[in-house]
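In this note's numbering, the protein residues as written are 97 to 167.
By construction, the Cβ of each residue, glycine as well, lies at the ideal position given by its N, Cα and C atoms.
This report refers to the structure that appears directly beneath it.
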């Protein structure tokens, strides 16, 4: 029996460090999956006259799974 991913399964992880795509793939049952998709976004380099040096992501970790399941 192959281990397939349910179309309704959502994995939510908010690591403190860098995202590791290889580690995520090891957690996913990928037998029978046609593709693994990820998103990379771009941001502006300046905000007014100020250079953007870093971005901070803030999430309400307890609510994040609920929001992603609704999407």
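So, does the CB of residue i fall closer than 7 angstroms to a CB anywhere in chain D?
i	result
residue 123	Protein chain content of the structure displayed is limited to a single chain, and chain D is not contained in it.
Hey, how far is the Cα of residue i from the Cα of residue j?
i	j	result
residue 130	residue 107	18 angstroms
residue 120	residue 151	23 angstroms
residue 109	residue 147	30 angstroms
residue 140	residue 153	15 angstroms
residue 115	residue 145	30 angstroms
residue 158	residue 165	13 angstroms
Between which two residues does the alpha helix (DSSP H) containing residue i stretch?
i	result
residue 118	117-123
residue 111	Per DSSP, residue 111 belongs to no alpha helix (DSSP H) and is neither H nor E.
residue 163	160-166
With distances taken from CA atoms, which of the options is nearest residue i?
i	options	result
residue 111	155, 163, 164, 167	155
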